[in-house]
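Residue numbers (our numbering): 7 to 555. Where a beta carbon is used, it is the ideal one built from N, C-alpha and C, also for glycine. Predicted model, so just to flag it, every value in this text is computed and none were measured. In what follows, a single structure is set out as structure tokens and then discussed.
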Amino acid sequence: MDQNYLAQLLFPHINLSPADIEAKFPKRILPEGAKVTRIAPSPTGFVHFGSLFPAFVSERLAHQSGGIFYLRIEDTDAKREVEGADAGIIEAFSHYQVFFDEGALLDGDNGNYGPYRQSLRAEIYQTFAKQLVLEGKAYPCFCTAEELNDIRQKQEADKLITGYYGEWAVWRDAPIEKIEAALNEGKPFVLRLRSPGNHENKLKFTDLIKGVVDITENDIDEVLLKSDGIPTYHFAHAVDDHLMGTTHVVRGEEWLSSLPKHIQIFSALGFKLPKYLHISQLMKLSEDGSKKKLSKRDNGAALADYKKMGYAPECVIEYVMTLLNSNFEEWRMQNPDTPYTEFQFSIKKMSPSGCLFDFVKLNDVSKNVISRMSAQKVYDYVSEWAQEYDKEFYSVFTNSPDYSLAILSIGRGGAKPRKDFAVWSDVKDNIDFFYDKLFLPAYPYPEKLSAEDIKLILTKYADIYDPSDDQTVWFDKIRALATDIGFAADMKEYKKNPDAFKGNVGDVSSVIRVAVTGRVNSPDMYAVLSVLGQKRVLERISSALSALN
Ligand code: GLU
Numbered sequence: 007m008d009q010n011y012l013a014q015l016l017f018p019h020i021n022l023s024p025a026d027i028e029a030k031f032p033k034r035i036l037p038e039g040a041k042v043t044r045i046a047p048s049p050t051g052f053v054h055f056g057s058l059f060p061a062f063v064s065e066r067l068a069h070q071s072g073g074i075f076y077l078r079i080e081d082t083d084a085k086r087e088v089e090g091a092d093a094g095i096i097e098a099f100s101h102y103q104v105f106f107d108e109g110a111l112l113d114g115d116n117g118n119y120g121p122y123r124q125s126l127r128a129e130i131y132q133t134f135a136k137q138l139v140l141e142g143k144a145y146p147c148f149c150t151a152e153e154l155n156d157i158r159q160k161q162e163a164d165k166l167i168t169g170y171y172g173e174w175a176v177w178r179d180a181p182i183e184k185i186e187a188a189l190n191e192g193k194p195f196v197l198r199l200r201s202p203g204n205h206e207n208k209l210k211f212t213d214l215i216k217g218v219v220d221i222t223e224n225d226i227d228e229v230l231l232k233s234d235g236i237p238t239y240h241f242a243h244a245v246d247d248h249l250m251g252t253t254h255v256v257r258g259e260e261w262l263s264s265l266p267k268h269i270q271i272f273s274a275l276g277f278k279l280p281k282y283l284h285i286s287q288l289m290k291l292s293e294d295g296s297k298k299k300l301s302k303r304d305n306g307a308a309l310a311d312y313k314k315m316g317y318a319p320e321c322v323i324e325y326v327m328t329l330l331n332s333n334f335e336e337w338r339m340q341n342p343d344t345p346y347t348e349f350q351f352s353i354k355k356m357s358p359s360g361c362l363f364d365f366v367k368l369n370d371v372s373k374n375v376i377s378r379m380s381a382q383k384v385y386d387y388v389s390e391w392a393q394e395y396d397k398e399f400y401s402v403f404t405n406s407p408d409y410s411l412a413i414l415s416i417g418r419g420g421a422k423p424r425k426d427f428a429v430w431s432d433v434k435d436n437i438d439f440f441y442d443k444l445f446l447p448a449y450p451y452p453e454k455l456s457a458e459d460i461k462l463i464l465t466k467y468a469d470i471y472d473p474s475d476d477q478t479v480w481f482d483k484i485r486a487l488a489t490d491i492g493f494a495a496d497m498k499e500y501k502k503n504p505d506a507f508k509g510n511v512g513d514v515s516s517v518i519r520v521a522v523t524g525r526v527n528s529p530d531m532y533a534v535l536s537v538l539g540q541k542r543v544l545e546r547i548s549s550a551l552s553a554l555n
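Take a look at the structure:
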């Protein structure tokens with residue numbers, strides 16, 4: 007076969023050589039040990055929460071080593087592509103503070119190794135495809151879908167491995183006349199790799215997360231270019247990651263089974279194989295206690311939902327880091343205020359089996375992160391979230407920013423900050439009683455107290471209440487009030503002899519709490535009263551008294 011003739015026949019429009027292309031993608035000059043990584047999402051319109059995992063691993067590996075991290079949009083599958091989805095991807099990663107050194111932007115590209123959208127690289131792929139034809143390593147296949155189906159059915163009937171390989175690869179050694187005739191008839195063709203492999207050959211491969219894995223050599227004549235001249239993922243992966251200088255490919259483990267193909271395609275092209283890190287699928291615990299893949303339809307799978315649910319990006323990032331490296335939590339306890347980027351991320355601390363996703367842990371992590379934020383930061387986040395998702399609360403919350411800031415400052419800043427919010431949607435329920443517009447009077451007083459005693463406590467408290475009291479004076483006054491009406495001022499004393507008292511000092515504060523907040527639990531009462539202010543406190547006590555009459 008005259009390969010030159012065939013290559014010209016298939017790719018008459020390709021005038022560049024691989025060397026011309028290589029010249030446009032020079033080897034990167036980087037410090038010793040620098041890693042070049044990327045994420046390569048397909049714009050299908052759905053960004054899975056799990057896609058944050060390869061993103062953070064890739065970003066950390068690159069930036070920890072002084073390397074490059076870039077974004078490539080893999081938009082070669084027109085059937086799955088959704089209009090505008092690339093913008094969704096770019097915005098999603100930017101929301102989670104995943105910053106790329108290079109890659110696709112909303113409009114155009116940033117970097118010298120582009121285009122970073124595969125749909126704009128057809129000529130590049132075809133140049134390498136032409137070269138493979140020239141070298142006899144690839145050939146056109148004109149099989150129709152029905153013909154391929156027939157092949158599969160025969161193989162299934164004979165209990166053979168299915169696929170286009172060996173003797174089943176009917177176009178593999180087709181004479182040039184047959185190829186030319188098919189071309190002349192205008193028949194569509196795909197370009198296939200002439201696989202030199204044998205599936206009897208078993209290989210050992212070292213994946214940097216999974217360790218040594220056994221793989222079977224590929225013997226399928228894999229499709230490199232589809233009939234529209236656009237590459238398959240497999241071929242584009244080899245060409246792009248070679249030209250763009252990727253040293254470490256971090257991707258989902260669903261690609262592990264394709265690795266034998268990739269090894270072969272890299273080898274056919276004469277490219278050095280990058281290192282691979284296959285990340286296990288994110289799992290969830292199902293109702294029967296077994297682990298299941300967190301699938302697209304599961305709650306928590308869509309990354310876009312996290313913003314709506316009110317998770318701050320920092321909280322999600324912290325959770326992802328917690329799942330990614332087993333020693334991150336311990337580091338965080340020792341370094342509560344250090345940016346996560348200072349943590350020494352290590353591939354060795356990644357679990358080769360799937361991480362378990364669960365909202366309880368996420369919320370736990372989130373509460374910790376939010377407890378360390380300044381009141382101003384929480385204020386900004388809550389306003390931003392409420393503006394979009396809870397307009398009524400937004401208007402109340404932002405109506406008097408200083409008041410809202412004072413509310414958010416309660417229990418914040420000390421060694422043991424309050425951990426009451428996991429998501430911004432928790433905030434309203436926690437603090438609504440501070441706002442007159444949202445306050446719903448309810449009076450769940452301690453049951454053991456009589457209406458008379460409650461009235462007495464509230465009336466007396468209104469008399470002694472002085473907003474300028476400091477916390478000690480305030481509490482001393484409550485104790486004095488307790489003693490005055492026959493309640494124990496001291497809990498120990500009360501426990502020793504409960505029958506000697508009508509109640510205790512705790513009951514006194516509970517009555518005040520219920521009257522002014524409408525709830526049984528609240529942050530520190532003294533702080534709550536200080537923030538509510540004299541006018542509101544007295545008004546609420548007075549309403550509570552009226553409700554008792
Ligand atoms: N486009 C592939 C995907 O979305 C990328 C896999 C890779 O990172 O190589 O799964």
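For H254, no alpha helix (DSSP H) segment is defined; the enclosing uninterrupted segment is the beta strand (DSSP E) at 254 to 258.
Residue pairing by DSSP places H54 opposite A308 in a beta bridge.
For the options A448, V42, A175, R127, the alpha carbon positioned closest to that of F148 is the one of A175. Linking K281 to I437 through their CA atoms gives a straight-line distance of about 51 Å. Under the 10 Å beta carbon count, F105 is surrounded by fewer than 16 other beta carbons and is classified as exposed.
When I215, K232, P237, E206 are compared, the shortest CA-CA separation from T222 is found for E206.
In the structure shown, the three-state DSSP call for P49 is coil. Take N333, set aside five residues on each side of it, and the residues of its chain with a beta-carbon closer than 6 Å to its own are K355, in chain order. In the three-state reduction of the DSSP assignment, I79 falls in the strand class. Annotation for M497: no beta strand (DSSP E) segment contains it, though the alpha helix (DSSP H) segment containing it runs 497 to 502. Burial state of L446 is exposed, judged by a 10 Å Cβ sphere holding fewer than 16 other Cβ atoms. As DSSP reads the structure, F134 sits in no beta bridge. Counting only the Cα atoms, P529 lies some 55 Å from G120. Under the DSSP definition of a beta bridge, C147 partners with V196. Shown here for D490: same chain residues with a beta carbon closer than 8 Å to its own, the five before and five after excluded, namely K466 in chain order.
P266 carries a helical assignment under DSSP once its states are collapsed to helix, strand and coil. Here R86 is exposed. Its C-beta has fewer than 16 other C-beta atoms within 10 Å.
With the rule of 3 Cβ pairs closer than 8 Å, the region 138 to 153 counts as touching the region 173 to 191. Within a 10 Å sphere around the beta-carbon of R198 sit 16 or more other beta-carbons, which makes this residue buried.
Checking the DSSP bridge columns, you'll see F211 partnered with V219. Taking the Cβ atoms as the reference, I547 lies roughly 11 Å from V520, outside the contact range of under 8 Å. F363 carries a strand assignment under DSSP once its states are collapsed to helix, strand and coil. Between ligand 1 and R66, a heavy atom-to-CB distance of less than 6 Å is absent.
For V229, the pairing in a beta bridge is given by DSSP as R198. When the alpha-carbon of A144 is set against those of S71, D227, G172, D81, the nearest one is in D227. According to DSSP, residue pairing for I74 in a beta bridge involves V42.
Looking at L15, K136, E453, V433, the one whose alpha-carbon comes closest to that of L22 is K136. For G109, the uninterrupted beta strand (DSSP E) segment begins and ends at 108 to 110.
For L291, the enclosing beta strand (DSSP E) has its first and last residue at 289 to 291. Proximity of the region 318 to 328 to the region 364 to 376 meets the contact definition, three or more beta-carbon pairs being nearer than 8 Å.
Under DSSP, K299 forms a beta bridge with M289. Ranking V514, S380, R525, D426 by CA distance to the CA of A448 puts R525 first. At a threshold of 6 Å, R257 counts as near ligand 1, since its beta carbon sits closer than that to one of the ligand's heavy atoms. Excluding the 5 residues flanking it on each side, Y500 has same chain C-beta neighbours closer than 7 Å at A494, F507, N510, in chain order. At the C-beta level, V63 and T252 stay beyond 7 Å of one another.
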